[in-house]
Amino acid sequence: MNTTSYHTHTRLCRHASGNPVDYVRAAVREGCAGLGISDHCPYPDGTWAGSRMAVSDIPEYLSLVKVAREEASFPFFWGFECEWAPEYDSWYRDYLVGEIGAQYLVYGAHWVRIDGNFHYVPEVSDPGMLGRYVDMTVKGLSSGLYSIFAHPDIFLAGYTSMTADVRAACRDIIEAAIACNVWMEVNGLGMIKDKVQTPAGLRYGYPVREFWQMAAEAGAAIMCNSDAHAPEQVLSGARLARDFSRQAGIEPSLPLSVERPSRNPR
Ligand SMILES: [Zn+2]
Ligand SMILES: [Zn+2]
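The following block contains the structure:
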């Protein structure tokens, strides 16, 4: 089987299980064409300490991905999934990539900060906060740090009506991802979470069909990832995401590396 997934967590983030080698072994069994380990990065100030690895876990992470690489019979990459905030730019660029050699960064926008407080994106539904999320994600994409934008439609778990403003937000995010040459990820983890009630009926919080149809129409580079938090999920989510895409009339790419998408004007 020909499946890739470049979005994978490990026990080090404190809310997933398994070591990188466990994911590799599961992926070998399932027929993998390319795998990336992208655990939630640590933050130098200890932000989100309960659900992220600590800075002191980095040496262990490095040795675990090294062991995993030796068992991988397919292209294998390692990096981190990171939130965006300007104060972390140098931490990501100079330390995670520059110094310890992370091969790629995934942009995962889970929190939006307003007046010093963090709000969990899938639970935000206030129309007045939509612009903040769009602004943050566009700046994050423009940083040039990331090659993959994880679950770019995660905010639609909270914004459940496709109003003109919500559609404009989708468009702005999609256009930024295209302009910054970043992969957009259809995320399979969202498909095993509880569905959300919307005026048009029950649907996944994410992925959201309208969003992906807009992205495909605009010519975005689309990949499918599992966002696995347990070894048995290593490729199943990516397969679910692919089925979802095809049902929406979209054929996602199957890149064999984590490099930025090659520019392919359509
Ligand atoms: Zn996670
Ligand atoms: Zn993730």
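Count the sequence shown with my numbering and you get residues 86 to 351, in order. Beta carbons are placed, not taken as given, at the ideal position from N, Cα and C, and that holds for glycine.
- When DSSP states are grouped into helix, strand and coil, Ser-90 belongs to the strand group.
- Arg-288 carries a strand assignment under DSSP once its states are collapsed to helix, strand and coil.
- Closest option to Ala-315, judged by alpha-carbon separation, among Ala-254, Ile-307, Ala-111, Arg-217: Ala-111.
- The three-state secondary structure of Glu-344, taken from DSSP, is coil.
- By the C-beta criterion, the region 86-103 is judged to be in contact with the region 304-312, since at least 3 inter-stretch pairs fall below 8 Å.
- In this structure, Ala-303 keeps its C-beta atom at 7 Å or more from the C-beta atom of Ile-239.
- Taking the Cβ of Asp-312 as the reference point, at least one heavy atom of ligand 2 falls within a distance shorter than 6 Å.
- Secondary structure within the region 224-293: the beta strand (DSSP E) runs of 3 or more consecutive residues, fully enclosed, are 268-272, 281-283, 286-288 (chain order).
- Taken from the Cβ of His-92, every heavy atom of ligand 1 lies 6 Å or farther away.
- The Cβ atoms of Val-281 and Gly-290 lie closer than 7 Å to each other.
- Relative to ligand 2, Gly-193 has its C-beta within less than 6 Å of a heavy atom.
- Under the DSSP definition of a beta bridge, Ile-185 lacks any partner.
- Nearest in C-alpha terms to Phe-203, of all of Gly-183, Met-299, Phe-234, Ala-170, is Ala-170.
- If you check the CB distance, Gly-164 and Tyr-189 come in under 7 Å.
- With respect to Ala-261, Val-293 sits apart: the two C-beta atoms are not nearer than 7 Å.
- Ranked by Cα distance from Tyr-108, the options Asp-200, Ala-326, Gly-121, Ile-277 are led by Gly-121.
- In terms of Cβ geometry, Asp-142 and Leu-97 form a close pair [threshold 7 Å].
- At the C-beta level, Met-269 and Pro-237 come within 7 Å of one another.
- Short of 8 Å from the beta carbon of Val-150, and not among the five residues preceding or following it, lie these beta carbons of its own chain, in chain order: Pro-105, Ile-122, Trp-163.
- Close CB contacts of Gly-193 within its chain, under the 6 Å cut and outside five residues either way in sequence, are with Glu-166, Ala-235 (chain order).
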